[in-house]
Amino acid sequence: MIETAKFKNPFYMAAGLLLVFLVIFVLHYLYVLMAGETMDLLNIWVYMMAAGMVFSIFSTINLLYAKNTGKYYNKTLMAFAGLVIIGVLLATWISGENIFDLETYRNVFLFVIIAFLVFISVASLIKQVENWSRKKDEDFLNK
Numbered sequence: 000m001i002e003t004a005k006f007k008n009p010f011y012m013a014a015g016l017l018l019v020f021l022v023i024f025v026l027h028y029l030y031v032l033m034a035g036e037t038m039d040l041l042n043i044w045v046y047m048m049a050a051g052m053v054f055s056i057f058s059t060i061n062l063l064y065a066k067n068t069g070k071y072y073n074k075t076l077m078a079f080a081g082l083v084i085i086g087v088l089l090a091t092w093i094s095g096e097n098i099f100d101l102e103t104y105r106n107v108f109l110f111v112i113i114a115f116l117v118f119i120s121v122a123s124l125i126k127q128v129e130n131w132s133r134k135k136d137e138d139f140l141n142k
């Protein structure tokens, strides 16, 4: 139970997803090497974008269950920013290519960032409507 509670913290979730997708990339790289092929190292960008997309989906779900929405919202934004910055630095180092030189990857990366912002905005709006509704229900029942 304690272990699953750690992943409700967005920083642990971001770090865990980054590590999981790096391990998947390394396994993919080793598989391609064992097959005698050469791997396009630009695939690391796809793995980093996938980590960002998975984070955006699950952090949004966790935001809906958070007791203190404002605090969790800020932590989620900072964790996503950290995930993006570290992911971009790692992907640039591994692939040797800058995201600004890769038009297709840049567009997909912008989509992931915009999707995260939309998901988190919708989730916080839902949470605000829920809180407003609860308050109105309590006011109605107390009359």
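Following numbering that gives the first Met the number 0, the numbering of the sequence shown begins with 0 at its first residue and continues without gaps.
Don't be surprised by glycine CBs; every beta carbon is placed ideally from N, CA and C.
Bear in mind that the values here come from a model prediction, so they are computed numbers and not experimental data.
How far does the alpha helix (DSSP H) with residue i in it extend, from its first residue to its last?
{"i": "G81", "result": "T68 to S94"}
{"i": "T103", "result": "E102 to L140"}
{"i": "N61", "result": "N42 to Y64"}
According to DSSP, simplified to helix, strand and coil, what is residue i?
{"i": "M0", "result": "Unreliable positioning characterises M0 in this predicted model, as indicated by a pLDDT of 46, which lies under 50. The coordinate reading is nonetheless provided below. DSSP places M0 in coil when its eight states are reduced to three."}
{"i": "A13", "result": "helix"}
{"i": "M38", "result": "coil"}
Would a C-beta distance cut-off of 8 Å place residue i and residue j closer than the cut-off?
{"i": "F54", "j": "L82", "result": "yes"}
{"i": "L41", "j": "E96", "result": "yes"}
{"i": "I43", "j": "I93", "result": "yes"}
{"i": "Y46", "j": "M38", "result": "no"}
{"i": "A78", "j": "F139", "result": "no"}
{"i": "I80", "j": "Y71", "result": "Correcting the residue identity first, residue 80 is Ala in this sequence and not Ile. Not closer than 8 Å, so no."}
{"i": "L16", "j": "A50", "result": "yes"}
{"i": "A114", "j": "M12", "result": "no"}
Spatial neighbours of residue i within its chain, please: C-beta separation below 6 Å, excluding the five flanking residues on both sides.
{"i": "N61", "result": "K7"}
{"i": "G69", "result": "none"}
{"i": "M0", "result": "Residue placement at M0 cannot be trusted, given a pLDDT of 46 that sits under 50; the coordinates are not used to answer."}
In its own chain, which residues sit with a C-beta less than 8 Å from the C-beta of residue i, not counting the 5 before and 5 after it?
{"i": "A34", "result": "none"}
{"i": "T91", "result": "N97 and I98"}
In its own chain, which residues sit with a C-beta less than 7 Å from the C-beta of residue i, not counting the 5 before and 5 after it?
{"i": "A14", "result": "none"}
{"i": "R105", "result": "I98 and F99"}
{"i": "F108", "result": "M48 and I98"}
{"i": "A122", "result": "T59, L62 and L63"}
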